[in-house]
Amino acid sequence: MNIFPAIDIYGGKAVRLYKGDYAQMTVYSDEPEEVARSFRDAGAEYIHLVDLEGARSGGTPNIALIERIISSSGLRAEIGGGVRSEEVVKAYLGAGAERVILGTAAVTDPGFTREMAAKYGAGIAVGVDIKDGFVATHGWTELSDSDCFGFCRELADAGVKTVICTDVSRDGAMRGTNLELYRELQSRFPLDIVASGGVSSLDDVRALRGMGLYGAILGKALYTGAVSLAEAIEEARA
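End of the sequence shown = 244 in the numbering used here, gap-free, step of one.
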């Protein structure tokens, strides 16, 4: 299993939200590039980047910073937040990202999702953010009428290979990840599933690895020191 340490970007800083609430934001570093290099030095190969401003409003407000993070760290990056057009997909791939994550657009425009999956293959992933059983959009500020499992079936049928599934109620809450959700996703769909939200202990990493998941994202647990990145990577590879 792969470990994806996360940097959420807002105002050029590395931040974390509590349960997706922009009003409950903690700034962890004024230097996201240094954070990325520390991940690399701990043994990371990958990095998960989110432009929180882009997620809310669309566009690529932090693309110059994201390009510097990727180039200075040398990490294999996936990036999401406000990816609602092919122009943005191309911009992030051009900035060095290995994979671009569709979010709101995957819900509101299935044809666009299918087109991007066909055109860019493994370079496209979809973020499935679950709130009260339904898929959240627009930086988790709105709820769609799509339920988690029905939406994942649509994505698999559309040719999407990788899904990053976040239980918003667990994100940043440091109370463990939703193991039942990921176990069911892994058993039901021919997708590379990445767990996100509440991965807050080595026990979580161990349990997810045991399910055969493709990856897990670590965020707040790294910033608070609850989990050592080097130990998480070692556990994921065991």
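Cβ coordinates follow ideal geometry from the N, Cα and C atoms, glycine included.
Tell me where the alpha helix (DSSP H) around alanine 227 begins and ends. Within the sequence shown, residue 227 is the residue found at index 221, counting from 1. First-last of the alpha helix (DSSP H) with alanine 227: 226 to 229.
Arginine 74 to phenylalanine 45, Cα distance in whole Å? Walking along the sequence shown from the start, residue 74 turns up at place 68. Walking along the sequence shown from the start, residue 45 turns up at place 39. Rounded to the nearest angstrom, the two C-alpha atoms are 15 Å apart.
How do the region 184 to 199 and the region 111 to 122 stand: do at least 3 beta-carbon pairs fall below 8 Å, yes or no? no
Whole-Å CB distance - serine 77 paired with glycine 60, under 8 Å assumed: One-based indexing of the sequence shown puts residue 77 at position 71. One-based indexing of the sequence shown puts residue 60 at position 54. Wrong, their Cβ atoms sit about 19 Å apart, outside the cutoff.
Over what stretch of residues does the beta strand (DSSP E) that includes threonine 119 continue unbroken? Taking the sequence shown and counting its residues from 1, one reaches residue 119 at position 113. Note, threonine 119: premise wrong, no beta strand (DSSP E); alpha helix (DSSP H) at 116 to 126.
Expressed to the nearest angstrom, what Euclidean distance is found between the alpha-carbon atoms of arginine 90 and arginine 22? One-based indexing of the sequence shown puts residue 90 at position 84. One-based indexing of the sequence shown puts residue 22 at position 16. Taking the straight line from one Cα to the other gives about 23 Å.
So is lysine 96 buried or exposed if we call it buried at 16+ other beta carbons inside 10 Å? Taking the sequence shown and counting its residues from 1, the one referred to as residue 96 is at position 90. Classification for lysine 96: exposed.
Just how far apart, CA to CA, sit glycine 178 and tyrosine 24? Here residue 178 refers to the residue found at position 172 when the sequence shown is read from its first residue. Here residue 24 refers to the residue found at position 18 when the sequence shown is read from its first residue. Residue confidence is low: glycine 178 scores 49 on pLDDT, short of 50, so the model does not pin down where it sits. No coordinate-derived value is stated.
Would you kindly report the start and end of the unbroken beta strand (DSSP E) that includes lysine 96? Within the sequence shown, the letter at position 90 stands for residue 96. Segment 92 to 100 is the alpha helix (DSSP H) holding lysine 96; no beta strand (DSSP E) there.
Quick check for students: name the residue ranges of the beta strand (DSSP E) that lie wholly in the region 139 to 178, counting only runs of 3 or more. 140 to 143, 148 to 153, 168 to 173
Limits of the unbroken beta strand (DSSP E) element including proline 11: Locating residue 11 in the sequence shown gives position 5, counting from the first residue. 8 to 16 is the extent of the beta strand (DSSP E) around proline 11.
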